[in-house]
Each structure stands twice: as structure tokens, then as C-alpha cells.
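Peer 1: Structure provided below as C-alpha cells; questions to follow.
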Ligand code: NAD
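Numbering (the working numbering), first residue to last: -17 to 312.
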């Protein structure tokens, strides 16, 4: 099986090798890794942070795992993640949150966030007024985007036996957009009478997530709201070091952790590889290798509950030591 491997920038170069080693071990060397480049370092070398050759490789092989990439703040090039999602039409941002047995964290959490990945508030154009005193933000929302996101979510809920979907928006303020998106969601919902659904405003959703994350199942929401809720889910799990994710289109699946490139600490060997490892498990699951994905998750949970942890979780292990501890528990 060919899988495109994009290490990315910063701590991406530290969390990718142990993730690849783990996937190699559980698949008994069954993956043919296709290296590709993307991000700030790639931009400095070749003048493009997302070269055509990388897009072509992902299009051809359809499966990829990606490390975080750095986006210059307040200027420079556009986010390559946004570009990748748009160019490959990866319209589902899937961000699951599960209990990992960490002390002080909620038990029995099993949440699956479906974030619209291609338009909306996250993809706005910004126009600064001539006097520099105001900015006009223009965002675009389409019925089509919510129709296909909702369909993907309901199909996923059926596949994984999740019985409730919560649709999250802010339609008390944005009424026209609210009617368009929610209407599209409801259109799809009637095709799935076996799955129930409800609705929450994003502010209330945040509060109820904090109060009782165990009572949530699958969430469907707009791009920016999804971005913010994803970090909330990361916090519920134990932090960005453990939060996995994937960007999914009709044919392409790109696994990637929720976290960024953490440039301040890159090179120190302290990043937690769990988030990318769990993203790798999602990739295996997508390939139909449910058992192998379960093997990875169980090994990580055992490692964490038995006290082997990196500094972000109060432990003392380096990235490499933690990765070795997971391999020992396979
Ligand atoms: P970040 O995720 O890089 O770091 C935020 C904090 O999260 C860190 O200070 C650290 O405490 C913690 N953290 C992150 N990853 C960790 C790990 N593996 N182990 C332990 N702790 C971890 O977010 P940021 O500082 O907002 O962004 C840095 C850069 O990353 C920016 O250029 C941003 O654009 C980029 N970014 C990329 C992606 C992506 O490629 N998918 C996602 C988010 C941010």
C-alpha cells in the first residue's frame, strides 16, 4: 500500500519518524512510503510551500499522512493547510476525541467532530479600508458544502454505530446563513431516520462540552467553529499533544494531528508523538484495518495509563523514549 508521507516543519520532523516506525511495525512493513514536501522549509528551498508535485502525489496515491506546517503570522504566504484542503477538495475535517485513561480527565469520552473544511468564516477575504481604520470580511457559504458534510457525517454515524448527531451553528445571529446551512443539514437528516439529531448554538455547545463531554457523540459544524471546537476537544483529551485528525474528500484521506509545528520547541525532542500516531491509526481504519488501528490505540492507552508520558502530560520522556515505550506495548 502506497502512502504519501509529508513531514512538514518544526516538530513535524520529530513526530513523523516514530509514527512511521509504529505504522511499519503494526503493518509488518506493508506500507510503501512516498516522501513529499510542504510547508515553510519547502518554501525556503523551492519557492512554493505547496508544490504541484506534492499535490499530484497525494492525488495519485489518495492516502497521506502529514506533519504540521508553519504559516507565517500576519503576512507571507497563505496557509498551506487551507490550500491543500481546497486544492484536493478535502471537505471533511474529522477531529475525534477519546478518553486515553489520563488522570484527572473525563472517562468514556467518544466524540467525533465533523468540521466543514473548504469555505465559511475560515476562508474569508479581508478588505482593509483606504484609511486603514476598518476591515470588511466576506465569507461564502454554500448549501452544497453542508449537504456533503452532513451526508458524510450521517454515513459515518451509521458505520460506527453513533446514535446522535449535534448540529452546531450561530443562527440566532447569522439568520440567512443559518437557514441555508441548517436547512441543508435537515435535508440530509431525513434520509437517515435511524439516527437522531439535535441543534446547539456554538457558545452553548462549548459550555456543555466542558460540563459533560461524555454525553456528546458526533458534531457537525462550520469551518471556524469547528477549528475552535477541535482545540476544545483536544483539551478534553489531554492537550494538543494527543489530539488526532484527518482531512477527507470523496477519494482522498490525509491524516494529520490537530497541533501545529510548535516552532519555539522544535529540535528539543520533547514533542508528544501521540497525536500523529493516533492520526495514523485513523488512516489504518480508513483503509479497513480496524484491528490494527485498535492495536495502536490500545498500546498508546496502556503506555499513558502505566505512567510513561512526555512533559506535556506531566511526564519526563522524550519523543523517542515515549515512542519506544509504545512499541514495547504492541
Ligand atoms: P502549536 O500547536 O504549534 O503549539 C501550541 C502549543 O501546543 C504549544 O506551545 C505546546 O504547548 C502545545 N503542543 C503542540 N503540539 C504539541 C506536541 N506534539 N506535544 C506537546 N505539546 C504540543 O500552535 P501554534 O503555536 O498556534 O502554531 C505554530 C505554527 O503551527 C503556526 O505557524 C501555525 O500556523 C502552525 N499550525 C499548523 C497546523 C497544521 O499544519 N495542521 C495546525 C495548527 C497550527
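No residue lacks a Cβ here, since even glycine has one placed at the ideal position from N, Cα and C.
Note that the structure is a prediction, hence the values are computed from the model and not measured.
With a threshold of 16 other CB atoms inside 10 Å of the CB of residue 109, please say whether the residue is buried or exposed.
Peer 2: Start at 1 with the first residue of the chain shown, and residue 109 comes out as number 127. Answer is exposed; the Cβ neighbour count stays below 16.
Peer 1: Does residue 243 pass the burial test, meaning 16 or more other C-beta atoms within 10 Å, or should it be called exposed?
Peer 2: Position 261 of the chain shown holds residue 243. When all chains shown are included, residue 243 counts as buried.
Peer 1: Indicate the three-state DSSP secondary structure (helix, strand or coil) for residue -5 in the structure shown.
Peer 2: If you number the chain shown from 1, residue -5 lands on position 13. In the structure shown, residue -5 sits in a helix (DSSP, three-state: H, G or I).
Peer 1: Output the distance between the C-alpha atoms of residue 118 and residue 112, rounded to the nearest integer angstrom.
Peer 2: Residue mapping note: residue 118 aligns to position 136 of the chain shown, counting from 1. Residue mapping note: residue 112 aligns to position 130 of the chain shown, counting from 1. Using only the alpha carbons, I get a separation of about 11 Å.
Peer 1: Going by DSSP in three states, residue 180 sits in which element: helix, strand or coil?
Peer 2: Here residue 180 corresponds to residue number 198 of the chain shown, with the count starting at 1. The answer is strand: DSSP assigns residue 180 an E or B state.
Peer 1: Starting from residue 15 and walking both ways along the beta strand (DSSP E), at which residues does that stretch end?
Peer 2: Reading the chain shown from its first residue, position 33 is the one you call residue 15. Its beta strand (DSSP E) spans residues 14 to 18.
Peer 1: Tell me whether the beta-carbon of residue 87 lies closer than 7 Å to the beta-carbon of residue 220.
Peer 2: Walking along the chain shown from the start, residue 87 turns up at place 105. Walking along the chain shown from the start, residue 220 turns up at place 238. Yes, they are a contact pair.
Peer 1: Within its chain, find whatever has a CB closer than 8 Å to the CB of residue 295; leave out the 5 residues flanking it on each side and keep chain order.
Peer 2: As a first step, residue 295 must be located in the chain shown, where it is residue number 313. 84, 220, 221, 223, 224, 254 and 286.
Peer 1: Is the Cβ-Cβ distance between residue 228 and residue 131 less than 7 Å?
Peer 2: Taking the chain shown and counting its residues from 1, the one referred to as residue 228 is at position 246. Taking the chain shown and counting its residues from 1, the one referred to as residue 131 is at position 149. Going by C-beta atoms, residue 228 is not nearer than 7 Å to residue 131.
Peer 1: Mind checking whether the beta-carbon of residue 50 lies closer than 6 Å to any heavy atom of the ligand NAD?
Peer 2: Stepping through the chain shown from its first residue, residue 50 is reached at position 68. Because some heavy atom of the ligand NAD lies under 6 Å away, the Cβ of residue 50 counts as near it: yes.
Peer 1: Return the CA-CA distance between residue 215 and residue 252, expressed in angstroms with no decimal places.
Peer 2: Translated into positions along the chain shown, residue 215 becomes position 233. Translated into positions along the chain shown, residue 252 becomes position 270. Distance between the alpha carbons of residue 215 and residue 252 is about 22 Å.
Peer 1: Going by alpha carbons, who is nearest to residue 266 out of 81, 12 and 217?
Peer 2: Locating residue 266 in the chain shown gives position 284, counting from the first residue. Nearest option by C-alpha distance: 12.
Peer 1: Could you give the DSSP three-state label for residue 253: helix, strand or coil?
Peer 2: Locating residue 253 in the chain shown gives position 271, counting from the first residue. The answer is coil: DSSP assigns residue 253 none of H, G, I, E or B.
Peer 1: Which stretch, first to last residue, makes up the alpha helix (DSSP H) that contains residue 286?
Peer 2: Residue 286 sits at position 304 when you count from the first residue of the chain shown. First-last of the alpha helix (DSSP H) with residue 286: 272 to 287.
Peer 1: So residue 40 packs on residue 234, CB below 8 Å; how close in whole Å?
Peer 2: For the purposes of this step, residue 40 is taken as the residue at position 58 of the chain shown. For the purposes of this step, residue 234 is taken as the residue at position 252 of the chain shown. Yes, residue 40 and residue 234 are in contact; Cβ-Cβ is about 6 Å, under 8 Å.
Peer 1: Nearest-angstrom Cα distance between residue 73 and residue 163?
Peer 2: Counting from 1 along the chain shown, the entry for residue 73 is found at position 91. Counting from 1 along the chain shown, the entry for residue 163 is found at position 181. Distance between the alpha carbons of residue 73 and residue 163 is about 15 Å.
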